[in-house]
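A.B. asks: Just passing along the structure, written as structure tokens.
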Amino acid sequence: MLEVPVFNTDGEKVDTLQIDERVFGSQINVQLLKQAVVAYHANKRQGTVATRGRGMVDGSTRKLFRQKGTGRARRGAIRTPVVRGGGVAFNKTPHSYRKGLPKKMRQAALKSAILAKILGEDLMVVDGLAMDAPATKAMAKIVDNLKINRSCLLTLAERDSNIYLSCRNLQDITVRTAAELNAFDVAQRMKMLVTREAMMAMIGEESK
């Protein structure tokens with residue numbers, strides 16, 4: 023069984039959750055996790071870069087002047103790529119870098135990423151996190167109480183505009199709901215802060 027500490031907003035440990043490690047795949051699949059991160063990076067690439075090729079340059083393929091006897095350097099067609107301002111020999115064309123990742127592989131990669139955070143003691147559960155109105159200063163105090171001074175992924179059970187707006191101006195704090203989580207977001211951040219409701223939702227979904 024995995025033990026995950028539960029803290030209140032004052033940074034005091036109030037409980038410990040016992041989680042069956044089989045919920046998150048029992049072991050970390052490093053290869054799959056790397057594949058998911060690479061796919062995420064690849065899918066962010068636009069692939070719209072383009073340069074002019076020699077086939078796009080106007081002009082005939084006729085040889086401009088004879089090979090020898092003129093005293094000048096030998097010269098072929100006017101569309102040759104060695105001419106300044108002309109098209110290049112191997113031009114760049116729009117290209118899709120997208121890498122597909124099946125749904126079950128994405129889910130397994132997410133489980134491995136969360137399991138790695140738990141085993142590395144980089145995941146903590148917070149109880150009673152709520153905001154009546156956006157308050158960056160109050161959220162900063164909560165983060166300080168929890169001794170989080172590195173990049174952090176805050177996971178909520180459902181969308182909360184007050185919490186989102188409270189975290190928006192805090193450096194290295196990313197807010198996601200449990201349904202929006204992906205392996206890249208979890209792996210990219212050093213710490214993971216999960217509300218009790220979100221953790222229950224994650225455990226419930228994985229147990230089905």
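Using the numbering used here, read the sequence shown as starting at 23 and increasing by one per residue.
Ideal Cβ placement from N, Cα and C applies to all residues, glycine included.
Give the range of the alpha helix (DSSP H) segment to which Met214 is assigned.
C.D. replies: Sequence index remark: in the sequence shown, residue 214 carries index 192 (1-based). Here Met214 belongs to no alpha helix (DSSP H); instead the beta strand (DSSP E) covers Lys213 to Thr217.
A.B. asks: May I ask you to report which of helix, strand or coil DSSP gives Ile185?
C.D. replies: Here residue 185 is taken as the residue at index 163 of the sequence shown, counted from 1. Ile185: helix per DSSP, three-state reduction.
A.B. asks: Among all the DSSP beta bridges, which residues are the ones paired with Gln40?
C.D. replies: On the sequence shown, position 18 is the one that residue 40 refers to. In DSSP, Gln40 forms a bridge with Glu25.
A.B. asks: Compute the Euclidean distance between the alpha carbons of Val26 and Thr115, then round it to the nearest angstrom.
C.D. replies: Residue 26 sits at position 4 when you count from the first residue of the sequence shown. Residue 115 sits at position 93 when you count from the first residue of the sequence shown. So the two alpha carbons sit approximately 50 Å from each other.
A.B. asks: Which residues mark the beginning and the end of the beta strand (DSSP E) in which Val148 is found?
C.D. replies: Numbered from its first residue, the sequence shown carries residue 148 at position 126. Segment Leu145 to Val148, the beta strand (DSSP E) holding Val148.
A.B. asks: Out of curiosity, what's the CA-to-CA distance linking Ser183 and Lys35?
C.D. replies: As a working note, residue 183 is residue 161 in the sequence shown. As a working note, residue 35 is residue 13 in the sequence shown. Rounded to the nearest angstrom, the two C-alpha atoms are 27 Å apart.
A.B. asks: Ordered along the chain, which non-local residues of its own chain (more than five positions away) have a Cβ less than 6 Å from that of Val197?
C.D. replies: The residue given as residue 197 occupies position 175 in the sequence shown. Taken in chain order, the residues that qualify are Leu176, Tyr186 and Cys189.
A.B. asks: Taking only runs of the alpha helix (DSSP H) that begin and end inside the stretch 30-105, which ones reach a length of at least 4 residues, in chain order?
C.D. replies: 52-66
A.B. asks: Among Ala95, Leu141, Ala138 and Thr217, whose alpha-carbon lies nearest the alpha-carbon of Ala152?
C.D. replies: Numbered from its first residue, the sequence shown carries residue 152 at position 130. Proximity to Ala152 across Ala95, Leu141, Ala138 and Thr217 peaks at Thr217, based on C-alpha coordinates.
A.B. asks: Could you give the residue range of the alpha helix (DSSP H) that holds Ile140?
C.D. replies: For the purposes of this step, residue 140 is identified with residue 118 of the sequence shown, where counting begins at 1. It spans Lys125 to Leu141 - the alpha helix (DSSP H) in which Ile140 sits, taken as one unbroken run.
A.B. asks: From the DSSP output, in three-state form, read off Met224 for me.
C.D. replies: As a position in the sequence shown, residue 224 is number 202, starting the count at 1. Of the three classes helix, strand and coil, the one that applies to Met224 here is helix, per DSSP.
A.B. asks: What is the rounded straight-line gap between the Cα of Glu43 and the Cα of Leu24?
C.D. replies: Along the sequence shown, one-based indexing puts residue 43 at 21. Along the sequence shown, one-based indexing puts residue 24 at 2. Each residue's alpha carbon lies about 6 Å from the other.
A.B. asks: How long is the line joining the alpha carbons of Arg181 and Ala64, rounded to whole angstroms?
C.D. replies: If you number the sequence shown from 1, residue 181 lands on position 159. If you number the sequence shown from 1, residue 64 lands on position 42. The alpha-carbon atoms of Arg181 and Ala64 are separated by roughly 28 Å.
A.B. asks: Please work out which residues of its chain come closer than 7 Å, Cβ to Cβ, to Gly235, disregarding the five sequence neighbours upstream and downstream, and give them in chain order.
C.D. replies: One cannot answer for residue 235 here, as it falls past the ends of the chain, which runs 23 to 230.
A.B. asks: So, Leu137 versus Ile50, is the Cβ gap smaller than 7 Å?
C.D. replies: The residue labelled residue 137 in the question sits at position 115 within the sequence shown. The residue labelled residue 50 in the question sits at position 28 within the sequence shown. A contact, by the Cβ cut-off of 7 Å.
A.B. asks: Starting from Ile164, trace the alpha helix (DSSP H) both ways and give me its first and last residue.
C.D. replies: Position 142 of the sequence shown, counted from the first residue, corresponds to residue 164. That run of the alpha helix (DSSP H) goes Thr158 to Asn167.
A.B. asks: Between Thr83 and the rest of its own chain, which residues show a CB-CB distance below 8 Å, the 5 nearest in sequence each way excluded?
C.D. replies: The residue given as residue 83 occupies position 61 in the sequence shown. Cβ neighbours of Thr83 beyond the five flanking positions: Ala99 and Arg101.
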